[in-house]
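Residue numbers (this note's numbering), protein chains in the order written: chain A, 17 to 239; chain B, 18 to 102. Quick reminder that beta carbons are idealized off the backbone N, C-alpha and C, glycines included. Report on the following structure.
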Amino acid sequence: MSAKNATSIVDMHPLMTAVALVCAAIAVATLAWFLLWRPHLSGELRVILLLAFAVFPIGATLTGNVAGMEHTKHREFCASCHVMTPYTSDSSDPTSITLAAKHARNESFGKKNCYECHRDYGMFSTMVTKWGGMGHVWEYYTKFSDVPADRAVKEFDLYEPFRNASCIRCHSTEITDWAEVADHRAAAKLIRRGSVSCVSRGCHGPAHPFSKSKRAGPRENQP
Amino acid sequence: MTRSKLYRVLRGAAYIEIVSLVCIAWSFLDPHPIAVVVGMVIGQGLGAAGILIFAIAVIADLRRTRLLPPSHQEREDVGPGDRDT
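Set out below in structure tokens:
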């Protein structure tokens with residue numbers, strides 16, 4: 017995997033990075049002084065240790081969390097795994113007409129279009145999405161790190177069909193404009209239930225040039 | 018907890034905390050996903066452990082210097098003739 021084009025957190029969030037690194041540096045320097053000099057356990061040392069163990073590390077962690085959470089939402093972070101570069105390149109292509117590229121040109125999505133479409137739902141959506149992301153890291157390093165990108169895009173796929181809820185979050189099916197489209201009216205229940213995908217090739221897809229159609233499951237075969 | 022044992026506990030917590038902070042700093046400087054995962058999971062996990070050990074040491078120190086009441090076990094260990102008057 018090449019990190020030549022990858023952008024680190026320090027490039028994306030310089031202020032938060034500076035705060036986190038300064039807090040971490042102060043804490044490390046103080047703890048190193050404590051370990052090397054072995055000072056007497058006085059009242060002043062107790063206060064210094066409180067700063068070195070709690071205050072500065074918590075400061076580094078909090079800013080690090082915020083910066084890290086934001087950094088991992090950027091398309092550039094997704095592209096740091098080489099198997100994703102075909103997808104991210106398409107997203108960045110101003111002439112591409114795929115759903116991903118169109119949404120990337122929308123300011124509401126911009127450089128976070130991967131995350132905004134693929135994130136999970138509900139109150140703990142961010143945590144669930146980040147947990148799923150760690151699964152992706154595991155999959156990458158155990159299966160795809162040595163696989164060329166052009167072969168990888170043929171092999172891997174979404175864990176489950178893309179949910180219409182991601183689209184309906186912005187493109188409501190309750191407004192009259194949506195219902196005025198004949199195809200929408202005819203398949204309204206199926207669309208809301210997820211039996212017909214918004215991103216299928218016959219409708220608004222493909223989302224990516226390499227998207228694969230999901231086979232209908234048992235629920236989708238129900239009338 | 019004796020004073021020397023307290024000091025050893027603090028030194029152990031300091032080593033853990035330093036490793037944690039190095040992991041977190043690495044996640045900032047290296048764009049690889051593995052660095053971000055290590056920093057945000059292992060780094061923060063170790064950091065939490067270090068703070069927890071420090072908190073335990075603080076409570077033990079406060080009990081030793083009688084600024085906090087002794088634990089239930091310590092009260093049971095002290096017989097009637099051993100109590101301070």
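Q: State the DSSP-derived secondary structure class of A/Met-28, mapped to helix, strand or coil.
A: As a position in the first sequence, residue 28 of chain A is number 12, starting the count at 1. Looking at A/Met-28 - three-state DSSP - the assignment turns out to be helix.
Q. Taking 8 Å as the CB-CB limit, is A/Ser-18 close to chain B?
A. Residue numbering aside, residue 18 of chain A sits at position 2 when the first sequence is read from its first letter. Confidence at A/Ser-18 is low in this model, with a pLDDT of 43, below 50, so the placement of that residue should be treated as unreliable; the coordinate-derived value is given next. So no, A/Ser-18 is outside the interface.
Q: On a CA-only basis, which of A/Val-169, A/Ile-113 and A/Met-85 is nearest A/Lys-128? Give me that one, please.
A: The count along the first sequence starts at 1 and reaches residue 128 of chain A at position 112. Residue A/Met-85 is the option with its Cα nearest to A/Lys-128.
Q. Looking at the structure shown, is A/Cys-214 part of a helix, part of a strand, or coil, going by DSSP?
A. Sequence index remark: in the first sequence, residue 214 of chain A carries index 198 (1-based). In the three-state scheme derived from DSSP, where H, G and I count as helix and E and B as strand, A/Cys-214 is classed as coil.
Q: Taking B/Ile-35 as the query, report the chain A residues whose CB atoms sit under 9 Å from its CB, ordered along the chain.
A: To locate residue 35 of chain B, count along the second sequence from 1; it is residue 18. Within chain A, Ala-43, Val-44, Leu-47, Ala-48 and Leu-51 have C-beta atoms less than 9 Å from the C-beta of B/Ile-35, given in sequence order.
Q | Selection from B/Ala-72, B/Ile-41, B/Leu-27 and B/Arg-81 that minimises the alpha carbon distance to B/Gly-62 | A | Your numbering for residue 62 of chain B matches position 45 in the second sequence. Nearest C-alpha to B/Gly-62: B/Ile-41.
Q.
Distance check for A/Val-63 and A/Glu-44, CA to CA, integer angstroms please.
A. In the first sequence, counting from the first residue as 1, residue 44 of chain A sits at position 28. In the first sequence, counting from the first residue as 1, residue 63 of chain A sits at position 47. Strictly speaking, residue 44 of chain A in this sequence is Val, with Glu absent from that position. Approximately 16 Å, taken between the alpha carbons.
Q. Using CA coordinates, which residue listed in A/Asp-162, A/Thr-104 and A/Leu-37 is at the minimum distance from A/Leu-78?
A. Along the first sequence, one-based indexing puts residue 78 of chain A at 62. Looking from the CA of A/Leu-78, the closest CA among A/Asp-162, A/Thr-104 and A/Leu-37 belongs to A/Leu-37.
Q: Inspect the beta-carbon positions of B/Ala-74 and B/Leu-38 and report whether they are closer than 8 Å.
A: Counted from its first residue, the second sequence places residue 74 of chain B at position 57. Counted from its first residue, the second sequence places residue 38 of chain B at position 21. If you check the CB distance, B/Ala-74 and B/Leu-38 do not come in under 8 Å.
Q: Check whether the Cβ of B/Ala-66 lies closer than 8 Å to any Cβ atom in chain A.
A: Taking the first residue of the second sequence as position 1, residue 66 of chain B is located at position 49. Not an interface residue.
Q: Confirm, please, whether the CB-CB distance from A/Phe-50 to B/Ala-65 is below 8 Å.
A: By 1-based counting over the second sequence, the position of residue 65 of chain B is 48. By 1-based counting over the first sequence, the position of residue 50 of chain A is 34. The criterion of a C-beta distance shorter than 8 Å is not satisfied by B/Ala-65 and A/Phe-50.
Q: Kindly list the residues whose CB is nearer than 7 Å to the CB of A/Cys-133, restricted to its own chain and excluding five residues on each side of it in sequence; keep chain order.
A: Along the first sequence, read from residue 1 onward, the residue named residue 133 of chain A stands at position 117. Closer than 7 Å at the Cβ level, and outside the excluded window around A/Cys-133, lie His-119 and Ser-182.
Q: Check whether the Cβ atoms of A/Gly-221 and A/Ser-227 sit closer than 8 Å, and answer yes or no.
A: Translated into the one-based positions of the first sequence, residue 221 of chain A becomes position 205. Translated into the one-based positions of the first sequence, residue 227 of chain A becomes position 211. Yes; because the gap between Cβ atoms is below 8 Å, this pair is in contact.
(Q) Is it buried or exposed, A/Ser-18, if we count other Cβ atoms within 10 angstroms and call 16 or more buried? (A) Mapped onto the first sequence, residue 18 of chain A falls at position 2. Any reading at A/Ser-18 must be qualified, since the residue scores a pLDDT of 43, below 50, and its modelled position is unreliable; the value itself is stated next. Exposed, by the Cβ-count rule.
Q: Inspect the CB distances between the segment 94 to 102 of chain A and the segment 151 to 170 of chain A and report whether three or more fall short of 8 Å.
A: With the cut-off at 8 Å, the segment 94 to 102 of chain A and the segment 151 to 170 of chain A touch.
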